[in-house]
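**Q** Each protein sequence line maps, in turn, to chains A and B. Residue 112 in the numbering used here sits at position 112 of the first sequence, with consecutive numbering throughout. Residue 141 in the numbering used here sits at position 141 of the second sequence, with consecutive numbering throughout. Take this structure first; my questions come after.
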Amino acid sequence: MSIIIDNLHFAYRDKVIFDGFSTVFDSGITCLIGRSGSGKTTLLRLIMRLEKPQSGKITGNDSIAAVFQEDRLCEQLNAVDNIRLVLREKADVSAHLAEVMLSDGDIAKPVSELSGGMKRRVALVRAVASNRNTLLLDEPFKGLDENTKSAVIAYLLRHIEGKTAVVVTHDPEDIILLGAKSLSLSDRQTNGEISSHHFPVNTAEIQKI
Amino acid sequence: MRRSTSPSKNKAVVTIAVALFWLGVWQTASVLIGEELFFSSPVAVFKALRVILRQPSFYKALWGSFSRISTGFVSAVAVGVIFAVLCSKFKLLRTLMSPLFTVIRSTPVASFVILVIIMLGSERLAAVISFLMVLPVIYSNTLAGIDNTDKALLEMAKVFGIGAFKTFRYIRLPAIMPFFLSACSVSLGLCWKSGVAAEVIGITGNSLGKLLYESKIYYSTAELFAYTFVIVSVSFVFEKAVIRAIKSLSAKAVEGSVK
């Protein structure tokens, strides 16, 4: 399902961030790039309905899962319970956690005892395993080493089929690794033209990186 | 070969040693003062306690004070929590209630005691006074706990569409509980002190306060100390039992597996 943004106007205090911004996020992955303060996270928050635009319309954002800039996990719960908390139907999530290289020992601990990189993976699995139509991922690979990042990207690509994902990143290489389209945001954004790279992606190759 | 002693055993030995030290100081002071009427010795107090514990009227008074004070405490917890929840939702109500709780908090207990004796008589006095002392503490701490709930987690719950019950159990409750427990701990001691003081002033029938008052009338310092010891002990046990029960219930709720 596509997310359609139509003639969006949004200003934070005196700073105009979107000035008649329109775009369409089709199924597949689109990376949002741009310098800090250009409105990448704000756009995700507008799609999540956490911010209200001054005018304009966003449609197709009814079934959303997210990875926020911070992990936003319930610290007293373990990884499995954090994920179960957002599930609409019962499902076994331990296989998902194993795919991102979290051991049985790790997933049994309260997340307060996990490292930053482990928490990031739990937050990502929570978004993917929640089985929503749209994934909004704000710097999902932050704090991951190269090996873990490639496992996480492979996991994401395996489970993203038929869904729409918008990924905020500062690393242009992520566009290639994810075989994603990209949208570059700048000041007073009006035009939302998405460029397609369509690099061939081989998840097995990525895991070797 | 050296035997290792457990930390809990060491702690118990230290506690007993400290208690014995202060009993020694007390006994020495009473011998030096040499006037049982003004300053009873631990031995005299222990004898008075033995006599008191054999009297059925003492247990009637203990139950009377306990039931009145615990009624006041439980009602204050219920009302304080309800008001904290409502005031966190409705800013106008919060603004309206703020001066009322400030007045309750800063008014001397004696003023309330006299007012309640005039309005309601002495039978319900301890319950009302305990209620008034505990209410602002529970209200303000619970409200602070609600305000302290992680906004980022609430946003996460909104985005994922987590239901109200799960949001309360796994996100709000862990934030509120430390504030609520601290309020209960403070106010449990407070309600016993203020409740018994009110019974002394109101000379409430079947109460520890009345027994304290009578020991003052008859200059029975040993009995006064013995009743004080009973009040401190009951208050301590009550506080520990309530806090343990709340901690155990909240731990089960907050850390329980998500279904």
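Glycine included, C-beta positions come from ideal geometry on N, C-alpha and C.
Please return the same chain residues whose Cβ sits closer than 7 angstroms to the Cβ of ILE138 of chain B, not counting the five positions on each side in sequence.
**A** For ILE138 of chain B, where only same-chain residues beyond five positions count, the Cβ hits under 7 angstroms are ALA76, VAL77, GLY80, VAL81, ALA183 and SER187.
**Q** Alpha carbon to alpha carbon, what distance is there between PHE18 of chain A and SER186 of chain A?
**A** Each residue's alpha carbon lies about 9 angstroms from the other.
**Q** Could you tell me which of A:LEU85, A:PRO110, A:LEU46 and A:ILE4 sits nearest to LEU153 of chain B, measuring between CA atoms?
**A** The option with the nearest alpha carbon to LEU153 of chain B is A:LEU85.
**Q** Looking at chain B, is there any beta carbon in it that lies within less than 8 angstroms of the beta carbon of MET1 of chain A?
**A** Not an interface residue.
**Q** Whether or not the segment 104-122 of chain A and the segment 10-26 of chain A are in contact is what I'm after, with contact meaning three or more pairs of Cβ atoms, one per stretch, closer than 8 angstroms; do they touch?
**A** As far as the Cβ criterion goes, the segment 10-26 of chain A does not touch the segment 104-122 of chain A, which means the pair count is below three.
**Q** Taking 8 angstroms as the CB-CB limit, is PRO178 of chain B close to chain A?
**A** False, the Cβ-Cβ gap to chain A never drops below 8 angstroms.
**Q** Compare the C-beta of SER257 of chain B with all C-beta atoms of chain A and state if any pair is closer than 8 angstroms.
**A** SER257 of chain B counts as touching chain A.
**Q** Whole angstroms are fine: how far does the CA of LEU249 of chain B sit from the CA of LYS240 of chain B?
**A** Going from the Cα of LYS240 of chain B to the Cα of LEU249 of chain B covers about 14 angstroms.
**Q** Check LYS259 of chain B in the structure and name its three-state DSSP category.
**A** LYS259 of chain B: coil per DSSP, three-state reduction.
**Q** Could you check whether the Cβ of VAL125 of chain A sits closer than 8 angstroms to any Cβ belonging to chain E?
**A** Protein chains in the displayed structure are A and B, and chain E is not among them.
**Q** What residues match up with HIS9 of chain A in a beta bridge as DSSP calls it?
**A** Paired residues: A:ASP19 and A:SER55.
**Q** If we count the other Cβ atoms within 10 Å of its Cβ and call it buried at 16 or more, is ASN202 of chain A buried or exposed?
**A** Unreliable placement is indicated for ASN202 of chain A, whose pLDDT of 48 sits below 50; the coordinate value is still reported in the next sentence. Counting Cβ neighbours within 10 Å, ASN202 of chain A comes out exposed, since fewer than 16 surround it.
**Q** List the residues of chain A that VAL155 of chain B touches, going by C-beta distances under 7 angstroms, in chain order.
**A** First, the residue type needs correcting, since residue 155 of chain B is Glu and not Val in the sequence shown. Correct list: LEU50.
**Q** Quick one: is MET133 of chain B buried, meaning 16 or more other Cβ sit within 10 Å of its Cβ, or exposed?
**A** Counting Cβ neighbours within 10 Å, MET133 of chain B comes out buried, since at least 16 surround it.
**Q** To test your reading of the DSSP string, which unbroken alpha helix (DSSP H) runs of 4 or more residues are found completely within the segment 26-67 of chain B?
**A** Here the runs fully enclosed are 42-53.
**Q** In chain B, what lies closer than 7 angstroms to VAL86 of chain A by C-beta?
**A** Under the 7 angstroms cutoff, chain B gives PHE160 and ILE162.
**Q** Please state the DSSP three-state secondary structure of ILE114 of chain B.
**A** Three-state result, ILE114 of chain B: helix.
**Q** Using the beta-carbon of each residue, which ones in chain A are nearer than 8 angstroms to LYS166 of chain B?
**A** Ordered by position in chain A, the residues that pass the 8 angstroms Cβ test against LYS166 of chain B are LEU85.
**Q** Taking VAL210 of chain A as part of the beta strand (DSSP E), name the residues at either end of that continuous run.
**A** Since the first residue shown for chain A is 1 and the last is 209, residue 210 of chain A is missing from the structure and cannot be characterised.
**Q** With distances taken between CB atoms, is the gap from ILE58 of chain A to LEU46 of chain A smaller than 8 angstroms?
**A** Yes, the pair counts as a contact, with Cβ atoms nearer than the cut-off.
**Q** Does the count of Cβ pairs from the segment 23-35 of chain B and the segment 203-214 of chain B closer than 8 angstroms reach three?
**A** At 8 angstroms Cβ cutoff, the stretches do not touch.
**Q** Spatial neighbours of LYS40 of chain A within its chain, please: C-beta separation below 7 angstroms, excluding the five flanking residues on both sides.
**A** Excluding sequence neighbours, LYS40 of chain A sits near LEU32, GLY34, VAL168 and LEU185.
**Q** What are the boundary residues of the beta strand (DSSP E) that THR134 of chain A is part of?
**A** 134-138 is the span of the beta strand (DSSP E), which, as asked, contains THR134 of chain A.
**Q** Return the CA-CA distance between ARG68 of chain B and ASN141 of chain B, expressed in angstroms with no decimal places.
**A** Taking the straight line joining both Cα atoms gives about 24 angstroms.
**Q** Which of the three DSSP states, helix, strand or coil, is assigned to GLN207 of chain A?
**A** Note that GLN207 of chain A has pLDDT 49, beneath the 50 cutoff, so the model's placement of it is unreliable and no number is given.
**Q** Go ahead and label GLU205 of chain A buried or exposed: buried means 16 or more other beta carbons lie within 10 angstroms of its beta carbon, across all protein chains shown.
**A** Low confidence applies here, because GLU205 of chain A scores a pLDDT of 48, under 50, leaving its location unreliable and the question unanswered by this model.
**Q** Can you tell me whether LEU279 of chain B is buried or exposed? The criterion is at least 16 other CB atoms within 10 Å of its CB, across all chains shown.
**A** Residue coverage of chain B in this structure runs from 1 to 259, which leaves residue 279 of chain B outside it and unanswerable.
**Q** Just to confirm, are TYR218 of chain B and ILE203 of chain B a CB contact at a threshold of 8 angstroms?
**A** No, the pair does not count as a contact, with Cβ atoms beyond the cut-off.
**Q** Spell out whether any CB of chain B is found under 8 angstroms from the CB atom of PHE68 of chain A.
**A** It does: the Cβ of PHE68 of chain A has a partner Cβ on chain B nearer than 8 angstroms.
**Q** Give the range of the alpha helix (DSSP H) segment to which CYS184 of chain B is assigned.
**A** First-last of the alpha helix (DSSP H) with CYS184 of chain B: 173-202.
**Q** Can you find a CB in chain B that lies within less than 8 angstroms of the CB of ALA65 of chain A?
**A** Yes, its Cβ sits closer than 8 angstroms to a Cβ of chain B.
**Q** Could you give the C-beta distance for SER65 of chain B and GLU255 of chain B, rounded to a whole number, given that I count them as a contact under 8 angstroms?
**A** Contact doesn't hold; Cβ gap of about 36 angstroms is too wide.
**Q** In the DSSP assignment, what residue or residues form a beta bridge with THR164 of chain A?
**A** The partner list for THR164 of chain A (beta bridge, DSSP) reads A:GLY28 and A:THR134.
**Q** I want to verify the contact list: residues of chain B whose CB lies under 7 angstroms from the CB of ASP81 of chain A, in sequence order.
**A** Here the neighbours are SER257 and VAL258.
**Q** Could you tell me whether any Cβ in chain B is nearer than 8 angstroms to the Cβ of LEU77 of chain A?
**A** Answer yes: the Cβ-Cβ gap between LEU77 of chain A and chain B drops below 8 angstroms somewhere.
**Q** Could you check where the alpha helix (DSSP H) with SER215 of chain B kicks off and where it finishes?
**A** Per DSSP, SER215 of chain B belongs to the alpha helix (DSSP H) from 208-217.
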